[in-house]
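Asks:
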């Protein structure tokens with residue numbers, strides 16, 4: 118087992134990605150290579166950066182990767198809002214994911230602060 122697999126923040130991020138993938142399956146095929154692909158990339162980057170940071174040689178590098186993960190989370194939140202404006206997501210679906218994103222953002226900040 119890799120270290121990142123034991124991290125609650127990584128598991129939350131991976132679950133968030135699964136929810137994003139589930140909702141985007143219903144989006145128009147015309148978006149497959151644009152908004153859908155962009156949100157997949159930004160969402161997958163969240164747990165990927167957490168994992169990458171867990172293997173960093175220094176705490177500073179690990180913290181940088183956690184910052185990248187949080188930035189990818191914010192990018193994903195932006196894509197969700199755009200998807201709602203385009204009619205691909207219902208407001209309640211976007212709100213549900215926003216709540217998860219907000220919690221994940223707080224967990225990332227908390228985890229980063231805990232590193233010494």
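Numbering (my numbering), first residue to last: 118 to 233.
We treat Cβ as the ideally placed atom computed from N, Cα and C, and that holds for glycine.
Quantities reported herein were computed from a predicted structural model and do not represent experimental measurements.
By how many angstroms is the C-alpha of residue 145 removed from the C-alpha of residue 223?
Replies: Distance between the alpha carbons of residue 223 and residue 145 is about 32 angstroms.
Asks: Look up residue 233 in the DSSP assignment and say whether it is helix, strand or coil.
Replies: If DSSP states are grouped into helix, strand and coil, residue 233 belongs with coil.
Asks: Consult DSSP for residue 153 and reduce its assignment to one of helix, strand or coil.
Replies: If DSSP states are grouped into helix, strand and coil, residue 153 belongs with the helices.
Asks: Taking 8 angstroms as the threshold, find out whether the region 207-219 comes into contact with the region 181-194 through three or more Cβ pairs.
Replies: A contact exists between the region 207-219 and the region 181-194.
Asks: Would you say residue 200 and residue 163 are within 8 angstroms of each other, going by their C-beta atoms?
Replies: No. Outside cutoff.
Asks: Could you name the residues of the same chain whose beta carbon sits closer than 6 angstroms to that of residue 170, not counting the 5 residues immediately before and after it, in chain order?
Replies: Cβ neighbours of residue 170 beyond the five flanking positions: 179, 182 and 183.
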